[in-house]
Every structure is written in C-alpha cells, then in structure tokens.
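Chains as they are written, first to last, in my numbering: chain E, 8 to 298; chain V, 28 to 264; chain R, 437 to 776; chain H, 991 to 1396.
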C-alpha cells in the first residue's frame, strides 16, 4: 500500500514532465493539425540556449524570459522559412521535413554544446517533498504547467487573435474569407508551440539533465499524454500526461515478470486501448454538427 | 457612373479543364447583380476567382484598384465579403464568435459589439442561439449566420453563393426578405449567384446569364424576367 | 493527417494509359542495369546495393499500405524486425535453409500485420501514426525480453552464417546474395503490381479515396484494411529476413525506431503510391547518410536534414511526382508537335 | 565486329570482372600497410542516441595526428579513417566492410558498442583483419580460441562486478543489495558478475530493477529499490541515469552504501550533476587516472595528456573521462604497433597485441598495467577501488586484479 501511494506520487512527478511537453504538442496540433516530430528537439535546443545564457551570467528569470522570446521568434522563423514554401506539398512530405528538423537540431546541439550531460538549475530550489517522492522543482513544474494552461485558456477564450487562431485552424478557407491571414496564424502557432516547448524544456532539464538526446523519448511520452487526453484539449493534455506517468509506474511495479522490462509498451498498450474505445481521447472534443 | 467592380477577360481552370473563358462584366455601386446559369456554368468559380481562392487570370478592378493578383485576405480587407457555397460556418465556435470573426479585419474593436447587436436585429433567431456551437444550427440558421458574418465586415460588395441552396421555400423567402432589407439599410452592393432565378431576379437590378464559362446574355433584371425566350432557353421556367 | 488527398492523384500505381510502352522499356532497362551491376563492382559496393534492394522491398510493402490503401505507418521497422528474427531463429535454431526462411518470415509477418491491423482499424490518421510509432519504439524491448531470451539471444542477438552461392556458381557470396535479393524483389514487385491492378487492389484504392462510397459498393472495409496491413507487413518482413541473412546478425539495437523512420522517409522521397519509387527510397536510405557523413562527420545529422529538406523542396511529392511531371512535360511536347 | 565476336567480347569482360572481384575478396597480410603508411579504421556513433561517445574517436584521431607529427610509427604515417554507424549494427557491418574492402585498412581500432562489434566480429575474423581494442567491456571480446583477430581493452564488466562482490563479502557480509541496471548486455553483464562473485550468497541481492534508455527518469525504480529495505545500492547505469539515481536516492532520504560502475564514475559528467553532497561516500573502481584529481597535478603522464589536449584537441572536454579513455587506448595501440615493427603485417600486429607484458600507460595509476598473452585477450584487468570524499575520488585498498576472477 505504501509503495502504491509512493508510486502514484512519483508518477505524478514524472507525469508533470509529460504534461509539460503534451501542452506544446497540443498547441502545435491546434495550429497545423499535426504532431511535430521535431518539437522535442526544438525544446531541447531552446533549453541549451537558456543554459548558454546562464553560463554567460544572465540571471535565471531574465534568461527564462529571453529564451521563451527567442524560441517564439525561432518558431515563427521556421514556419515562414521552411514550411511556407511547402504549403501545397502533401502532408507526408511535411512529416518528412519534421524528421529533417529533428536531425538538424539534434546534430547542431551536439556540435555546439557536445553530448555530455549538464546540470540545469531549478528556480524552485532543492530539497524534498512528500518524503523525497517529489522535489520542490517537480512541484514547481506542476504549478508552471497549470499556469501555462491557464494562460492558454485566457488567450484562446478572450482575445481576438486567439479567436482568429482557432478559426484559422478550424476552417482555413472561411478564415481567409473573413480576412484572417491564415499563414501568419500558423506561424504564430509555431511560435507559441516552440515557446511552450522552451518552458517545458527548462522545467524538464533539472530533472533529467540537459543533453542533446534528452527529449527523444520524452516526446513520445508527451505524444502519448496528448493523445490520451485528446489532442484538441489543453486540459486533456495535462491530465493525459499525468495519467501516463502514473500508468507507467504502476505497470512497472505491479505487472509480474514483464512489467519492469516493458513499462513503456504497457503504457502504450493502455493508451491504444483507450483510443479504441474513445477515438478522440479522454477530453477530446467531438464536433457536433448537423447536416 | 464608374462601376464598383469591373471584370475583363477573367479566366480560371481546374487542372486541364478551363471553366471560365474570358468573362467581362461590371457591377454598379449600390446595385444588386444576379449571375444566373445552369449547373456547371461556372457561377461559383466566378465568385471564387474574384476572391482569389483559385488561380485566375484576367483583370479585376475593385473601386479602381486592381485585385486580380491580390490574396484572398487582402481582397476581403478591401471590403468584399464572400458568403461561400456551403456557408463556411466555423462549426466548433459559438454563433457569437462566428459573428465576431466577420469583423476580424476591421481595426475598430469598439464598434464590433454594436454591429453584433445590429445583426441580431436582422436575425433574432441568431440572438437566441448566440452561445450555441454553430455546428448545431439548422441549414437556414447557418445561412443567416453566414450573411450576418459577411455583414460584420461592413462590406461595400457582397458575393453571395446560392443563399437559397438546400433551404425550405419559406426559409428562402425569409432570407431574401432580409437581403432586400439589408440592401436598403446598409447600401451594400451585391453579386448574387443563384439557381433559383425567380428569387434572384426579384431582388436584382441587373443580371448576367452564364453558359459554359462565357456570358451568354446580359441585361437588366426586368428585361430578362420578361423575355420569354431567354427564360425558356436558360432558366427553364 | 490524411494520406488520401496526395496519393489519390495516382489512379492505379504504374498504370497510366498512353506511354505504356515507354514505361515498360524503362523498367527493362532498370532491371538490366541492376542485373549487370555486380559484375563490375567490388563486393563491398555489391553489399550496399543489396541493402538498397532490401530496403526497397520493405518500402514497397509500406507503399502498398500507405500509397494504395491510405493507411499510415511509422512502425514498419517492427515488422522488418519480426521478419529478421524469424529468419535468424529458423536458420540457427531449426537449421532451416535460408531460402525457406523467406516464406516463413512472410507468413509470420502477414499474421502479425493482420492482427495489428484489426485494432488499428479504429484508429485514423494521427492516432494510427502514434500506435505504429509506439510499436516501433516498443519492438526492441520486446525482442530482448528475458522470457523469450532462449530463442532471441536477448540483447546479444543472433549471429548468422552467410550462405555461399549454390551449384558451384562462380559468384562471390555477395554477388550471389545480390542476385538472390534481386530475384525475390522482382517477384514481389510483380506480385505488387498485379495486386494493385486486381479487383482487390481497386477495392483498396477505393477505401483510400472514399471509405464511405467503398462500403456502399459492398467492399468489406475492415477486412480489406486488415489484409492490406498484413500484406504490407509480409513484404517488409521478407525484406527483414533478407536483411538478417545479408548482415549476418540480428539484435534489438538493429531495429530501433530510427529504422521505421528511415523506411518512412524512403517512402516519401520515393513517392507515395508510386511503386517503382521504392527503389529510389531504398537508395536514399542506404546512401544519403553516407553522403552526409562525407560532408562533415560532426554535423552529419544536420547535413542529412538539410539534404532531406532540399529534396522535398525539389520534389514535394517525391521522385514519383517528379517523374510524372517530366513524363507529362514530354508527353505534352510530343502532342504539341504532331507527326511531321 | 561480327555478332559472334561481340558476344565473345562481352563474355570475356564478364569473366574478367568476375575474376577481378574474386581476387579483390581475399585479403592480404599487408593490406593497408605500405613502407610509408598504415591505414587504421574506426567506427563510432557520431549520430544517434550514443553520440556522446564520439569524443573518444575524436581523441583517437587527435592522438594519431600527434603520432604523425612525431614521425609516425615504425617510420610510417598513420591514415586514420573514422566512420559513423549511429550505433546500429547493420550500419556497422556496412562501415566495417567499407573500411576493409574499399578503404583497405590494416585494422579496425576501438570500434564502439557490444551489438555493433558482435555484428562485425565474424567478418573481421574471416577477413583476418585485426579488430583491436573494441570500446566495450563485454566479456565476449576476449576469446582468442574462436576469434583470434578480436581483442577488447578495458576491464570487462563481469570482472568488475566480481570485484564489487568480493568487496561486499569482505566488508559487509550481511548486506542487502539493491541493483539498478540498464536492460542490455552491459547492465546484465555487471549483474551476472556480481551474482557470480557472490556465489552461494547471491541471495544477498534483495531487489533488481532494470531501466530502459528510453525511460525519462529512473524515479520509479528508485522508489521500489528503497522500498526493498536494502542497505547497499549497486548503480549499473550510464552517466545520465547514474546521476539521476544518485540524486534521487538523496532526495528520497535513502542512505545506503553506494557502488557505482566505472562507466559512470566521471566526476564532471556524473557526480557533479548528481550533486557532490549526494555523491559523498560512493564507491567505485577505476583503471585510469581521473583528470580532475589534484593528486595527479604534477604527474608526468597527466602533464603529457594536458599538453596533448591543448595542442591536438583544444575543443575536447578535459573533464570528460572519454578523452582520458581515448588517449590511453590510442597509446596502447601505439605500443602494439611499435612492438610489431619487425613484422609489420596483420598477424604481426596481432602477435604484438597478444604479447604485452607489464606495460604502463601515461594515464594508468601506479600498479595497473597492460598485460596480454596468446591466451589472455583482456589487456586491462586490474582496478583500484576508490571512494568519493565529496570533492574527488580517494583510492583505498590494494589494486584488485580481475585476472583471477576470470
């Protein structure tokens, strides 16, 4: 029983990592109806930028803000530079370009900052909560995730540009007919996704340590969380991410023989099973429509 | 008087198939022009080409400005509102959000609320359903929403693509009554594409008949309405 | 994420009407060149070409699924792995001759693919992508599972003996395996082309283009989609078996999700829905990383990415799209210049 | 030309081509070696998940450059060719064949990984081309009877596991041991070594938790290990996970005696990220000097290494154990080649590699030497136990020989 509770708390702590990343994934999905396979690498690269700024002596929160701003700009630049030319290319070609970006960022980060792991500071201090099951940083990460979630809600719900982005994503042709510059909305989506990714990266790095491959597997868990929660729902993404963390821990602890060796496959299996029953995820929106 | 919109040699094609073969026509400021023709004559394509939604060639001037190379969103920003075929509803947004989107390209935010109120004046049904997801509206309500959204732009020219399509006759009458009212109160010019020639000609001042991508007949609405041979040959009633 | 719109441009892969003769000639030339190559090349290069053919077969299988049936898979490396392990276990534990492991791998993978396809039916687009991607990520962990270690050799993998040329043919091992692979590849290609132009093939394409209409016409969508998964997996599995024989080694490390990603990239670069594109894709998988490495070892990944992006700019619909454009261009030229 | 003639001509070309390829296939004892040069190949993951190791190959390359600047080996300049395999065995096979058949190297040196080296072991031996000093501690790369052309270098994982087992039996005979291990050959070799070393007291192990390299953290495993009530923690993880584990143990308030495998005992890359406070008291074993340890400040070997790094690999990380590793393994190769000057052939080089007696390297601590024989293909087997005092490693006890644990 004690172990069960410990594993759940520890699962929430790990799940916060996935939830963070899942938010960035949902964001880009809103903008381009796609999973961006380079998202994790972009977040990793942003985190390295932050690390570099810190190494140059920039105070933490200033480095934080600068990194988010740079990542936002970087996301927009990538969209305008790379994907705008591919507007009419088939979707699968876009996926291939994601893969190309993945390779580029991974390789560049290794080239510039090498592959050794680097400690990344936490703004929330060190120590132990709940008997060490959760560090103050992990608790702080959950708070930051919820904060980002709230900001997103406000942005999409109450701002004109948020509304325009939702419209552009839902129906680009109609959006153009009301004068929305759909291309820029997509670029803005990229910018926001990569800014959120940067936040995620800076929150994740203190836990798993910074290195060029840090996001490769976290991205998959993030995908799983986002899909489980429903790709159209930021709240769902956070819940999905936390759920993946818990499921994974329980599978590893309680499934005999194969459990510890197959934590990830078991978690994926659970998710696919959920999807078979609820194809749009736990909180994904079904679009009601009368014909 | 100088026309609001003038079109010369407008061509457009889908792949190898040429759908518009050099259209020439004009639309007068403040008037309603009907574009009639059988299925596949190129009516919808004409509207889409005017708005830059498909590749096209030829010359189009709006209020003296060339727009034949401009992008859709820039054309819209000049004051051309397109009520598209299928109504272009944002299904998962609320009715009110749909209306607000219509004013998206106008800088003055303050007037938006007033305009929304005015639209609700035209379409009380929409007001009742303002918090509802637009996808749950009936066909007639969606058509009203589409017209309302277009009006939120405070357009100088409205392009209407078959507003009667798929609606019950009573609803069609209501829609056209509202269009007539709008025309009076807001001084909007309209280019109306319709299969239902009867309704269209009742509203229009001027009409063009389109046949396989070319203009076959042009004249005042009254002339066409009264010309039995044209009615028989093109309009089938 | 719909595959439909892009691949439906191709009506029946490899069957445009007018230039049929020209196409056949092109095919014959390609086959002749492929058959002659090993006579003039060093064994190492022959080995690389063999790998190219093997990846081409795997991509051909993926193309049947994605290009013809419109289903998306980022996990075909898993079936490649199953095929490879089937061959390795049968050869080393059961002492089966290598030739017989191919049909065995095909059957095992057909069943795995079919079974995987059943639940995957309920998943579309992105969800299917995630499910298949998950399969690819999980596969190495399954392969080294301690429960099945007696057969799979766990993380150590299985070392395989390389076959010699039979009947005293004056061929090196590499040459022989090349021809063996080439013949298997041609047979599979022939099978694929026939499948696509058969009734079943039309049903598969109908499902891709319009699932509702297909159902209305009496096509059993569920059955056909699962079958497509099975056949596609069988192709890829046979490629995996060939890969095991040629590389002489299987281990979980050989089949990480990067393999699935490579196959997917090969598919798109070759052209989704254009069956001959598989060969282009295979060449890409084998040779482009080497080219990238040649430019700059430390930045090989970045160079690879840039090459990939440039290729997609150059041919957004893959080599298939480019070939079609060029053919259209030539065709129009010929048309506009009537017989003198 | 008549038709018959042209047909004959084609046949002739085919026959010649076949003959040519057959000739090229059989490797020669001096392939890759001329009077002026020797070609040495290397395969390393420059891309993919294991790319951190590429620093080793870069150090190797820098070392070869230094040798060349000093006049080469046996009067020959070294041509060092290193390829990327992304840690994927099929690619390793391709690159090994490229090196052997296309570049025609004399030997492949320090190729990295267990699966990758297994994939080419048979091929290299069939080609009678040395596969020297593979960069892995898997115990299977010291089998002269079956694979006379393949040799490991570093102490193998099984032996190291046994060293820790003996330490525990002697100092903590009532310990309850919890093991965290990477679920692959590396982790399982250590675990097997520990179990073998404990012998009939293997029941001292009360908990084993594997992790995958795809796991973001090992938190869940650590919670379970702590829950087992163990008082010894054996940490068989690669640097990133080893650091996470040490940090997590401290956060959990779990204070067992900790044993850390030598792969991850870099102060800069593991203990510093984990936190010095949390790492205090950790026990490990080493076979190379720690470049950050002040006790070697005036050490001749360390001075040479520093000069080398400054001149030939200024971008390299002096904190990293990889650069120390690359330097040392390259120096071993230098000594092997020098020992083969009289018989500078593949088998001559292999003979020299199998005939190293008490060879000191610049960076091996006193008492640890390279030894091989025709039947002993494990060059380094001795290790020094060390304990982290919160700042640096402190050696304690005698040098432990892994040889008798074979």
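Beta carbons: idealized from backbone N, C-alpha and C, even for Gly.
Item                                                                                                                                                                                       : Value
Determine, using beta carbons only, whether residue 1310 of chain H comes closer than 8 angstroms to chain R.                                                                              : no
Per DSSP, residue 1034 of chain H is paired with what?                                                                                                                                     : H:1074
Helix or strand or just coil, what does DSSP make of residue 179 of chain V?                                                                                                               : coil
Is there contact between the stretch 202–217 of chain E and the stretch 169–183 of chain V, where contact requires at least three CB pairs shorter than 8 angstroms?                       : no
In angstroms, rounded to a whole number, what distance separates the CA positions of residue 259 of chain E and residue 64 of chain E?                                                     : 41 angstroms
Opposite residue 1066 of chain H in the DSSP bridges: which residues?                                                                                                                      : H:1063
If distances are taken between C-alpha atoms only, which option among V:58, V:33 and V:63 comes closest to residue 251 of chain V?                                                         : V:63
Let me check one thing: in DSSP terms, what residues is residue 186 of chain V bridge-paired to?                                                                                           : V:109 and V:218
Tell me the DSSP secondary structure of residue 33 of chain V in three-state form.                                                                                                         : strand
Going by the CB atoms, is the gap between residue 1389 of chain H and residue 1372 of chain H shorter than 8 angstroms?                                                                    : yes
Residues in its own chain within less than 6 angstroms of residue 1382 of chain H by CB, not counting five upstream and five downstream?                                                   : 1283
Thinking residue 93 of chain V and residue 86 of chain V are a contact (beta carbons under 8 angstroms), I'd like their distance in whole angstroms, please.                               : 7 angstroms
In the DSSP assignment, find the alpha helix (DSSP H) that holds residue 228 of chain V and state where it starts and stops.                                                               : 224–230
Starting from residue 193 of chain E, trace the alpha helix (DSSP H) in both directions and tell me its first and last residue.                                                            : 189–215
Can the beta-carbon of residue 118 of chain E be found closer than 8 angstroms to that of residue 735 of chain R?                                                                          : yes
Kindly identify the DSSP beta-bridge partner or partners of residue 1198 of chain H.                                                                                                       : H:1169
Where do the ends of the alpha helix (DSSP H) carrying residue 110 of chain E lie?                                                                                                         : 98–120
Which partner residues does residue 1029 of chain H have in the DSSP bridge list?                                                                                                          : H:1069
Should residue 213 of chain V be flagged as near chain E, meaning a C-beta pair shorter than 8 angstroms?                                                                                  : no
So with CB distances below 7 angstroms, who are the chain V contacts of residue 248 of chain E?                                                                                            : Those do not exist, as residue 248 of chain E stays about 23 angstroms from chain V at its closest Cβ, beyond 7 angstroms.
Could you pull the start and end residues of the beta strand (DSSP E) that residue 1366 of chain H belongs to?                                                                             : Element bounds for residue 1366 of chain H: n/a, residue is neither H nor E.
Step through the CB atoms of chain E and report whether any lies within less than 8 angstroms of the CB of residue 111 of chain V.                                                         : yes
Whose CA, out of H:1146, H:1292, H:1167 and H:1109, lies closest to the CA of residue 591 of chain R?                                                                                      : H:1109
State the Cα-Cα distance for the pair residue 89 of chain E and residue 50 of chain E, rounded to the nearest angstrom.                                                                    : 18 angstroms
Just checking my contact of residue 118 of chain V with residue 161 of chain V at CB under 8 angstroms: how many whole Å lie between their CB atoms?                                       : 6 angstroms
Can you find the residues in the same chain that come closer than 6 angstroms, C-beta to C-beta, to residue 1159 of chain H, ignoring five residues on each side of it along the sequence? : none
Would a check of beta-carbon distances place residue 157 of chain V closer than 8 angstroms to chain E?                                                                                    : no
Who are the neighbours of residue 563 of chain R on chain E, taking C-beta pairs under 8 angstroms?                                                                                        : 234, 282 and 286
Please name the residue, chosen from V:195, V:196, V:210 and V:197, that lies closest to residue 187 of chain V on a Cα-to-Cα basis.                                                       : V:210
Pick out the complete alpha helix (DSSP H) segments inside the stretch 30–84 of chain E, 4 residues or longer, and give them in chain order.                                               : 46–62
Can you confirm whether residue 25 of chain E, when its beta carbon is compared against all beta carbons of chain R, has any partner nearer than 8 angstroms?                              : no
Does the beta carbon of residue 189 of chain V come closer than 8 angstroms to any beta carbon on chain E?                                                                                 : no
What residue from H:1130, H:1185 and H:1227 has the CA that sits closest to residue 1171 of chain H's CA?                                                                                  : H:1227
By Cβ distance below 6 angstroms, which residues in the same chain neighbour residue 1339 of chain H in space, the five residues on each side in sequence not counted?                     : 1120 and 1330
Within 10 angstroms of the Cβ of residue 377 of chain R, are there 16 or more other Cβ atoms? Answer buried if so, exposed if not.                                                         : This structure cannot settle anything about residue 377 of chain R, because the visible part of chain R is limited to 437 through 776.
Run down chain V in chain order and give the residues with a C-beta less than 8 angstroms from the C-beta of residue 12 of chain E.                                                        : What residue 12 of chain E touches in chain V: nothing, since even the nearest Cβ is about 40 angstroms away.
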